[in-house]
Every structure is written in structure tokens, then in C-alpha cells.
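Chemist:
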Amino acid sequence: MTGPVDGTARTHRRARRLDRQVYLRSHPVLFALLAATRRRPVVRLGRTVLVHGPEAYREVLTRVPLDRTAEGTTGGAAARRTDGGLLFDQDGGAHRAARRDVTELLGAHGTAQLGPVWQGVLDRHLTELPGTIDLVDVVREVAGVTAAALTGSTADPVALARACSAAAAEAAREHLPGLPRRASTAAADHLNSLLPHARDAMLAVAAVNTTLAALPRAAAWCARAGLWDQVSPALTVELLRLTAASPILPRVAAADATAAGCPVGRGDRLVLVARHAAGAHRTAPAGPQAAQAVFGAGPHACPGAPLARAQLTGLLTALAPHRPVVVRARADRRAALPGYASLLVRKG
Numbered sequence: 021m022t023g024p025v026d027g028t029a030r031t032h033r034r035a036r037r038l039d040r041q042v043y044l045r046s047h048p049v050l051f052a053l054l055a056a057t058r059r060r061p062v063v064r065l066g067r068t069v070l071v072h073g074p075e076a077y078r079e080v081l082t083r084v085p086l087d088r089t090a091e092g093t094t095g096g097a098a099a100r101r102t103d104g105g106l107l108f109d110q111d112g113g114a115h116r117a118a119r120r121d122v123t124e125l126l127g128a129h130g131t132a133q134l135g136p137v138w139q140g141v142l143d144r145h146l147t148e149l150p151g152t153i154d155l156v157d158v159v160r161e162v163a164g165v166t167a168a169a170l171t172g173s174t175a176d177p178v179a180l181a182r183a184c185s186a187a188a189a190e191a192a193r194e195h196l197p198g199l200p201r202r203a204s205t206a207a208a209d210h211l212n213s214l215l216p217h218a219r220d221a222m223l224a225v226a227a228v229n230t231t232l233a234a235l236p237r238a239a240a241w242c243a244r245a246g247l248w249d250q251v252s253p254a255l256t257v258e259l260l261r262l263t264a265a266s267p268i269l270p271r272v273a274a275a276d277a278t279a280a281g282c283p284v285g286r287g288d289r290l291v292l293v294a295r296h297a298a299g300a301h302r303t304a305p306a307g308p309q310a311a312q313a314v315f316g317a318g319p320h321a322c323p324g325a326p327l328a329r330a331q332l333t334g335l336l337t338a339l340a341p342h343r344p345v346v347v348r349a350r351a352d353r354r355a356a357l358p359g360y361a362s363l364l365v366r367k368g
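Using the working numbering, read the sequence shown as starting at 21 and increasing by one per residue.
This is the structure:
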């Protein structure tokens, strides 16, 4: 085996190299730093702890108490933009109850109910593939109709998806290390006008941005590595690992602890590098723990994993008969998560 499935080492190296450019063009300083330090499982830089190793990554997510509302975290950004009470900024019983609700919404049953909503978008755009098509536009509509269905919104799905992307990009400048801070809430205010309920807004932001980051990049990898004959749920799992849509998880320690033997102090910033914990920087096949790492671990695992896998399998299945090739790809330098602003493909 030379990659996620049978294929030549050369095609997988090319797919990995081109996918890596998305990271470097989106957040060049941050990902250059992470690449330079990845050979050590844990690296301390002042009060910031970079966590690369898979065991250390799982240890932090399952054993280290985390401050869910600290400055510089996803939960902190959510709490400041809302009245709190969200999955991202809760602890204890409230967090467990919120997770149960979201897991039910995004689990196997919920995903099955949502299937016809986003599958209709794929059928409309991809049953035939005349000329060139921008997969980012297709995936944006998929993300928008899914977010609208999850929240009961009557907003235009594409407008909703764009609003979620803008709000996430605005918030990312608060909690991604190495990015300049901008004190602006214009995008969040616009999203709140479309989705006044805070829980709906945060759910939509998470769903839209991970979908937009993951699906086009995975489709591009599939095209560049020539994997159209091997589309399957197993390939979906491996491509999600290789592309690692949410490459880092910014957190803050709520108490003194250790990670792979490295002392972690209360208030230390933790940069959990899901990309490296999952081995996404390598094309060698990995086990189920590595594949799950891109979705977190333990009580901090992403409940949207079944939906992400179903949507990517649906996209690849719709594309496979056309065996598309990438015509042109342009990284999105403003997005919260590394992804494409445009991915033009044509029938192969």
C-alpha cells in the first residue's frame, strides 16, 4: 500500500503536495511553525504548548481540564458573541446534555433524514457534468441547505453559507495563534440577523465551515491521485484523515496537568494539532484512532462526523462516473479553515 488505497506513490505525493499548499497559502506563518516543530510530541513556547503527538493529543482531550470560555478559544469567541449556554462554552452536565442533543441531530438517524436535502443539490449539479464546474459553489450550496435544515432557517441557503463563512473568518482572528486581531463583529451581526438564536448560529457556522473546508479538498485529492474507481466509505474516512479539515484545536488549560510528560499550567494556551495527531502529513495508511483524531476524542469528539462522512461519500459517488480532473484551484486566504476559494473541475 502506498497511500489510502491502491495507487502509485508518485500520484499520492503530488496530491499531498498540492493539498499542503492550501495550508501554506491560507495561514503561512502558523503552519510553517507547526511543520517545523512536528517531530516532537509536545513543544512548549512560553505559555503556549503545541501538541502534535497522537497520544499526547488524546491525553489532553480526555484528561486535561479545559477552560471552555477562555480568551483565544472557540468557546470563548462563542460566549462573547452570544448569551452563552452553547455546546462550545459549557461544562459538566450542561455540556453533556447539549452534546446529546447535537449528537441526536447529527448522528446516524439525523444524517439519514438530512440526506435527501443535500443529495438533491448534488443530483441537480452533478448528474451531468457539461464543461467546467466550480465544486466550491456546489459544496457551498450543500452546506447552506444542510445548515438551513438543521436550524429551520428560511434564509437563502447560499447567502446563509456565505454569512457563516464570513462570521467564522472574523472569529478565527481571535482564536487562531499567529493571525492579526481585528476588532469587528460586522459578519457576526449579519449572521445573527439571519439566525437570531445563538445555538442555531454556532451550529450553522460549524457545519458550513467544516463542509466547505473538507469536501472540495478531498475531491481534489481523489482526482489528483486517480482514485475514482475506488470510491467507497473506507476511502471517505481516509480522505477526511488526510485532508484534516479542522487542522488545529485552540484550547486553554483550566488546571495544572501534563501532556506526554510535559507540565501544563493553568491558563496555558494549548494548540492541539489534529493534522499531525491524525498523521495527515503522511500518506501511509493509518488505523481507526488516527482517522478519528480529525474529529477530536472523548468528550471533545465532534458529533458531526457521521454527517461529514455521508456528505463526502455522496459527493465522491456523484463525481466518480465523470472521473473529473482539476482544471484550476485557488486557496481561500481569508477562510477560518484551510480550503479552496475556487476548485474548477471538468469531465475526465
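Cβ coordinates follow ideal geometry from the N, Cα and C atoms, glycine included. Keep in mind the model is a prediction, meaning the values are calculated, not measured.
When the Cα atoms are used, what is the spatial distance from Val347 to Arg286?
Modeler: Roughly 49 Å between the two C-alpha positions.
Chemist: Who pairs with Tyr360 in a beta bridge, going by DSSP?
Modeler: Answer is Ala351, bridged to Tyr360.
Chemist: Just how far apart, CA to CA, sit Thr57 and Arg182?
Modeler: Rounded to the nearest angstrom, the two C-alpha atoms are 34 Å apart.
Chemist: Suppose contacts are defined by Cβ-Cβ distances below 8 Å. Is Leu259 in contact with Trp241 by that definition?
Modeler: Going by C-beta atoms, Leu259 is nearer than 8 Å to Trp241.
Chemist: With a threshold of 16 other CB atoms inside 10 Å of the CB of Gly66, please say whether the residue is buried or exposed.
Modeler: Under this definition Gly66 is an exposed residue.
Chemist: When DSSP labels each residue in this structure, what does Thr152 get in the three-state scheme?
Modeler: DSSP places Thr152 in strand when its eight states are reduced to three.
Chemist: Pick helix, strand or coil for Ala279, following the three-state DSSP scheme.
Modeler: If DSSP states are grouped into helix, strand and coil, Ala279 belongs with the strands.
Chemist: Return the CA-CA distance between Pro61 and Leu255, expressed in angstroms with no decimal places.
Modeler: C-alpha separation (whole angstroms): 27 Å.
Chemist: Among all the DSSP beta bridges, which residues are the ones paired with Pro326?
Modeler: Its beta-bridge partners do not exist; DSSP assigns none.
Chemist: Between the alpha carbons of Val141 and Cys322, how many angstroms are there, rounded?
Modeler: Each residue's Cα considered, the two are about 25 Å apart.
Chemist: Report the rounded CA-to-CA distance for Ala188 versus Asp209, giving the unit in angstroms.
Modeler: Computed Cα separation, rounded: 12 Å.
Chemist: Considering only their Cβ atoms, is the gap separating Val272 from Leu70 smaller than 8 Å?
Modeler: It is not a contact, given that the beta carbons lie outside the stated cut-off.
Chemist: Is Leu292 near the ligand MG, judged by its Cβ being under 7 Å from some heavy atom?
Modeler: In terms of ligand content, the structure shown is empty, and the ligand MG therefore cannot be addressed.
Chemist: Evaluate Gly166 with the Cβ neighbour count: other Cβ atoms within 10 Å of its Cβ, from every protein chain shown; 16 or more gives buried, anything less gives exposed.
Modeler: Going by the sequence as given, residue 166 is Thr instead of Gly. Thr166 is buried by the Cβ-count criterion.
Chemist: Could you have a look at Thr337 and say whether DSSP puts it in helix, strand or coil?
Modeler: Helix at Thr337.
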